[in-house]
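There are 2 protein chains.
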Amino acid sequence: MKAIHVMPGHLARRFQQIAVAVFLTEVENAGYDLTPVQYAALAAIDGNPGIDQITLAGLIAYDRSTITGVIDRLAQKRLIARRESSRDRRARELNVTDAGRRILRGMTPAVEAAQRRMLHGLTDKEAGELVRLLQKAIAAGNELSRAPLREAATG
Amino acid sequence: MKAIHVMPGHLARRFQQIAVAVFLTEVENAGYDLTPVQYAALAAIDGNPGIDQITLAGLIAYDRSTITGVIDRLAQKRLIARRESSRDRRARELNVTDAGRRILRGMTPAVEAAQRRMLHGLTDKEAGELVRLLQKAIAAGNELSRAPLREAATG
DNA sequence: AGCGGATAATCAGTATACTGATCAATATCG
DNA sequence: CGATATTGATCAGTATACTGATTATCCGCT
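If you read the protein sequences in the order shown, they are chains A and B.
Heads up: the first sequence at position 143 corresponds to 143 in my numbering, and the numbers run straight through without jumps.
Counting the second sequence from 1 gives a position; my numbering is that position plus 155.
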């Protein structure tokens, strides 16, 4: 058996661990208080006003079960509004509030800084290559997790 | 703001998500029932008989707080024995049981298959490069998470 | 010897993830 | 049209992760 430090599974977990820590540090230093997951959800709702939770989950690859809690917390912070859809009474329409938009715009520099910092051990060329390889591996494995990425319906 | 699909933080989360799903599927198909985290802990204890929990946590980069539960579950499954250290009554000495060793040996092929499958979208060369880049990025960011990787004391 | 700081383990609380179940509402098809 | 299947959302239960606190113990230094 190879050492754990060579196993992709361990490296995946460890990289994610560092990525989250870096994100939280940068964002907190900038005076904000959102998790990476909450940020991605907020940004996706901002780009897709009135989106329902299942479609949102697909856009950012969250489990349908996980997204309920994430939306709860964003709503509790008054960063989004959640209301029953008129077209489908099972669904909730999600929209970013003015406060949510302010937060989103304000924390963007910190989020971008975090993205750079989590790769700061790599050259620019290496960073680009890592992103490319991760995208390729993820695309090939998309359907293997319970929460695959889904395109928004174009219809 | 760049699309989420280009952000290293999102890719980290997504790759980890897929890696865990692939691991659990392969392991379950082989008739075993351990999580990636439990497997890594069991393997590390097997390679370091009598290790204490903090040192173990450092070897596999787990939080000191998380490892308590992981060890609990391994002990409950009778895969490891946990007993008070004679040299330091604060510490617990961990050892793999015979059953634990059987499980560990038996599931190794499934674990290795999982490592390959989570990279199956990449060529061998790309897979090697991804591992190298992840290792490099992780080494540079090691101290940024609460649970950095620590070498075993050589003393 | 004894005090103060460090350390091993655990705990309570919060936030992802996932499994599988449930409920209400909608879509589909004979 | 009406039985059936599907879908959106939520929930209970389990397993990582992390924060920060606590307890018991050990170690270094005077």
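Note that beta-carbon positions come from the ideal geometry of N, C-alpha and C, so glycine has one too.
### Query
Any residues in the region 44-58 of chain A with a beta carbon nearer than 8 Å to a beta carbon of chain B? Which ones, in chain order?
A44
### Query
Excluding five sequence neighbours on each side, which residues of the same chain lie with their C-beta closer than 6 Å to the C-beta of B:P303?
In the second sequence, the residue the question calls residue 303 of chain B occupies position 148. Contacts found: N297.
### Message
Tell me the residue span of the alpha helix (DSSP H) that contains A:L130.
### Response
Mapped onto the first sequence, residue 130 of chain A falls at position 130. Its alpha helix (DSSP H) spans residues D124 to G141.
### Query
Taking 9 Å as the CB-CB cut-off, is B:R257 touching chain A?
The count along the second sequence starts at 1 and reaches residue 257 of chain B at position 102. It does not: the Cβ of B:R257 has no partner Cβ on chain A nearer than 9 Å.
### Message
Check whether chain B comes within 9 Å of A:I71, counting only Cβ atoms and requiring the distance to be less than that.
### Response
For the purposes of this step, residue 71 of chain A is identified with residue 71 of the first sequence, where counting begins at 1. Output row for A:I71: interface = no.
### Task
Report the three-state DSSP secondary structure of A:G155 (helix, strand or coil).
Position 155 of the first sequence holds residue 155 of chain A. At A:G155 the pLDDT is 40, less than 50, meaning the model places this residue with poor confidence and gives no usable figure here.
### Query
How would you write the range of the beta strand (DSSP E) that B:I235 sits in, first residue to last?
In the second sequence, residue 235 of chain B corresponds to position 80, counting from 1. B:I235 -> beta strand (DSSP E) spans I235 to E239.
### Query
So, helix, strand or coil for B:N184, using DSSP?
In the second sequence, the residue the question calls residue 184 of chain B occupies position 29. In the structure shown, B:N184 sits in a helix (DSSP, three-state: H, G or I).
### Task
Using a Cβ cut-off of 9 Å (strictly closer), state whether B:H165 contacts chain A.
In the second sequence, the residue the question calls residue 165 of chain B occupies position 10. Yes, its Cβ sits closer than 9 Å to a Cβ of chain A.
### Task
Taking B:S220 as the query, report the chain A residues whose CB atoms sit under 8 Å from its CB, ordered along the chain.
Residue numbering aside, residue 220 of chain B sits at position 65 when the second sequence is read from its first letter. None at all; the shortest Cβ gap to chain A is about 14 Å.
### Query
Who are the Cβ neighbours of A:L42 in its own chain at under 8 Å, not counting the five residues just before and after it?
Taking the first residue of the first sequence as position 1, residue 42 of chain A is located at position 42. Excluding positions up to five away in sequence, the list reads L34, L74, L79, I80, V96, G100, I103 and L104.
### Message
Is the beta carbon of A:V111 closer than 9 Å to that of A:F15?
### Response
On the first sequence, position 15 is the one that residue 15 of chain A refers to. On the first sequence, position 111 is the one that residue 111 of chain A refers to. No, the Cβ-Cβ distance between A:F15 and A:V111 is not below 9 Å.
### Message
Give me the residue from B:G261, B:I222 and B:I209 with the minimum Cα distance to B:Q193.
### Response
Here the question's residue 193 of chain B lines up with position 38 in the second sequence. Ranking the options by Cα distance to B:Q193, first place goes to B:I222.
### Task
Please list, in chain order, all residues of the same chain as B:S240 whose beta carbon is under 6 Å from its beta carbon, the five residues on each side excluded.
What you label residue 240 of chain B is simply residue 85 of the second sequence in a count that begins at 1. Contacts found: A246 and E248.
#### Entry: Listed by chain order, chain B residues near A:R13 by CB distance under 9 Å
Locating residue 13 of chain A in the first sequence gives position 13, where the first residue counts as 1. Correct list: Q171, A174, V175, P191, V192, A195 and A216.
### Query
So who's on the other strand from A:R92, going by DSSP bridges?
On the first sequence, residue 92 of chain A is found 92 positions in, with the first residue counted as 1. Beta-bridge pairing links A:R92 to A:E84.
### Query
How would you write the range of the alpha helix (DSSP H) that A:G106 sits in, first residue to last?
Taking the first residue of the first sequence as 1, we reach residue 106 of chain A at position 106. Where A:G106 is concerned, the enclosing alpha helix (DSSP H) stretches over D98 to R117.
### Query
Name the DSSP bridge partner or partners of B:I206?
Start at 1 with the first residue of the second sequence, and residue 206 of chain B comes out as number 51. Note: B:I206 sits in a beta bridge opposite B:L249.
### Message
Need the endpoints of the alpha helix (DSSP H) that A:V70 sits in, please.
### Response
For the purposes of this step, residue 70 of chain A is taken as residue 70 along the first sequence, with counting starting at 1. Where A:V70 is concerned, the enclosing alpha helix (DSSP H) stretches over R64 to Q76.
### Query
By the 10 Å Cβ neighbour count, where 16 or more other Cβ atoms means buried, how is B:S220 classified, buried or exposed?
Counting from one through the second sequence, the residue named residue 220 of chain B turns up at place 65. Counting Cβ neighbours within 10 Å, B:S220 comes out exposed, since fewer than 16 surround it.
### Query
Does DSSP put A:P148 in a helix, a strand or coil?
Position 148 of the first sequence, counting from 1, holds the residue named residue 148 of chain A. Residue state, collapsed to three classes: coil.
### Message
Applying the 10 Å Cβ sphere with the 16-neighbour rule, what's the burial state of B:P163?
### Response
Walking along the second sequence from the start, residue 163 of chain B turns up at place 8. With 16 or more other Cβ atoms within 10 Å, it is buried.
### Message
Quick check on this structure: which residue in A:K125, A:T123, A:R132 and A:Q76 has the alpha carbon closest to the alpha carbon of B:A282?
### Response
Numbered from 1 along the second sequence, position 127 holds the residue referred to as residue 282 of chain B. Cα-wise, what sits closest to B:A282 is A:R132.
### Task
Grab me the residues of B:V175's own chain with a C-beta within less than 7 Å of its C-beta, minus the 5 sequence neighbours each way, in chain order.
Taking the first residue of the second sequence as position 1, residue 175 of chain B is located at position 20. Cβ within range, chain order: P191.
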